[in-house]
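In the numbering used here, the protein residues as written are 377 to 622.
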């Protein structure tokens, strides 16, 4: 017979914090695997010679395989973190609000984007000795174009968060309003990523000043800040609930 006893406040918030910890785990794991091991800080330029690109994958084949295997391992932690964000959003907009659903679906889709891109780079490294330079370039380019030009799945997630957090009626919002405005700035900084397919050199390539350091860099800063404030918000929600029951 199933046990229908509801979880205690302590148990519920322990589970919420567990999901919130997925944010820092994703950040640390992904930066180390995709970024450091995958040699993507900064990435190879889009205009790299096709033979030089092939030589890069051939020389670092095992390192890149390990990097992208680990990257697709860590990416799903972002989805778990997004589920914690959606629960906090529900406490502001209510259980029937649509924005928490948009946010969680955005987290799930962002996870898929990262996994598909990672598998493309992994495939390029897996049989690089059998691939022609053109085939390696095709996989490498597809990975980056898929990774960056699908930015709006993450953008809608961030706009949904900002919409709710900016409407928090508390005198001191659960998530600072400045962080929501910063999230909107990041989404605007994503927009030039749509120019990426038209450039092979310069600021609007995936390794360029704007599309890499501004667009992608500002997103990592935002996620780092949000991860911290999520724990602050969860602590406050638990305190509010305990106070309301006394």
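We treat Cβ as the ideally placed atom computed from N, Cα and C, and that holds for glycine.
These numbers come from a predicted model, not from an experiment.
State yes or no: is the C-beta of residue i within less than 8 Å of the C-beta of residue j?
i, j, result
"residue 492", "residue 522", "yes"
"residue 422", "residue 583", "yes"
"residue 605", "residue 569", "no"
"residue 519", "residue 451", "no"
"residue 549", "residue 541", "yes"
"residue 406", "residue 459", "no"
"residue 479", "residue 461", "yes"
"residue 385", "residue 553", "no"
For a test of your reading of the model: does the CB of residue i fall under 7 Å from any non-hydrogen atom of the ligand MG? Yes or no.
i, result
"residue 418", "This structure simply doesn't include the ligand MG, nor any ligand for that matter."
Quick one: measure Cβ to Cβ for residue i and residue j, integer angstroms, because I've assumed they're closer than 8 Å.
i, j, result
"residue 457", "residue 402", "6 Å"
"residue 483", "residue 455", "5 Å"
"residue 563", "residue 592", "Between residue 592 and residue 563 the Cβ distance is about 13 Å, and since that is not below 8 Å, they are no contact."
"residue 501", "residue 543", "Not quite, the Cβ-Cβ distance comes to about 46 Å (not below 8 Å), so this is no contact."
"residue 443", "residue 490", "With a Cβ gap of about 13 Å, residue 443 and residue 490 do not count as contacting."
"residue 463", "residue 392", "6 Å"
Could you tell me the distance, in whole angstroms, from the CA atom of residue i to the CA atom of residue j?
i, j, result
"residue 429", "residue 439", "15 Å"
"residue 572", "residue 581", "5 Å"
"residue 512", "residue 388", "48 Å"
"residue 436", "residue 481", "35 Å"
"residue 577", "residue 558", "28 Å"
"residue 472", "residue 575", "44 Å"
"residue 425", "residue 433", "13 Å"
"residue 418", "residue 470", "42 Å"
"residue 377", "residue 383", "Low local confidence applies: a pLDDT of 46 at residue 377 is under 50, so the model's placement there is unreliable, with the coordinate-based value given in what follows. Cα to Cα, residue 377 sits roughly 17 Å from residue 383."
"residue 600", "residue 400", "7 Å"
"residue 475", "residue 597", "23 Å"
"residue 621", "residue 612", "14 Å"
"residue 395", "residue 590", "28 Å"
With residue i as the anchor, note down where its alpha helix (DSSP H) starts and where it stops.
i, result
"residue 621", "No alpha helix (DSSP H) holds residue 621; DSSP gives it neither H nor E."
"residue 462", "452-469"
- Item | Complete runs of the beta strand (DSSP E) confined to the stretch 390-443 [at least 3 residues] | none
- Task: With a floor of 4 residues, list each alpha helix (DSSP H) that falls wholly inside the stretch 481-559, ordered by position along the chain.
- Result: 509-525 and 528-541
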